[in-house]
Amino acid sequence: MYGSKTEVHFSKVAAALKRSKRGIYQILACGKNFKRISRSGRPRVTSFRDDMHIRILASTRNISLSRIRNIIGGQISKKTLQRRILESEYMINRKMPRSPGLTPHHKKA
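Numbering (my numbering), first residue to last: 1104 to 1212.
Structure, rendered in structure tokens:
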């Protein structure tokens, strides 16, 4: 930021974006190389790509969790799929609407 013809101070950028000055430093230092922080505890069953695929399937199609599980493959529990969908923040997990029962037309046949 410094050394260019139009100097922009970190404090002004932080105030405009409503972030801390340290956060702006970190973003500029890392660029787009944000990686998951290594965590203590049980390792995740799904990878980053699997998580993304789950979110895409859940957001673009009206399909059940068991169908998503079959598409993704592997041993992923229903609860894990629900958690991955909830992690996306803008989506909620709810039950699919029931399919309609038999109509009188179906009952005749």
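Cβ atoms here follow ideal geometry from the backbone N, Cα and C, with glycine treated the same way.
Nothing here was measured: the structure is a model prediction, and the numbers come from that model.
Roughly how many whole angstroms lie between the Cα atoms of residue i and residue j?
{"i": "lysine 1124", "j": "proline 1146", "result": "32 Å"}
{"i": "alanine 1117", "j": "leucine 1131", "result": "12 Å"}
{"i": "methionine 1155", "j": "alanine 1119", "result": "30 Å"}
{"i": "valine 1148", "j": "isoleucine 1179", "result": "7 Å"}
{"i": "phenylalanine 1151", "j": "arginine 1158", "result": "11 Å"}
{"i": "isoleucine 1174", "j": "serine 1202", "result": "22 Å"}
{"i": "phenylalanine 1113", "j": "arginine 1172", "result": "45 Å"}
{"i": "aspartate 1153", "j": "methionine 1194", "result": "17 Å"}
{"i": "arginine 1142", "j": "glutamine 1185", "result": "21 Å"}
Can you tell me whether residue i is buried or exposed? The criterion is at least 16 other CB atoms within 10 Å of its CB, across all chains shown.
{"i": "leucine 1168", "result": "buried"}
{"i": "arginine 1187", "result": "buried"}
{"i": "leucine 1189", "result": "exposed"}
{"i": "isoleucine 1166", "result": "exposed"}
Determine the DSSP secondary structure at residue i, reduced to helix, strand or coil.
{"i": "isoleucine 1171", "result": "helix"}
{"i": "histidine 1209", "result": "helix"}
{"i": "isoleucine 1159", "result": "helix"}
{"i": "serine 1202", "result": "coil"}
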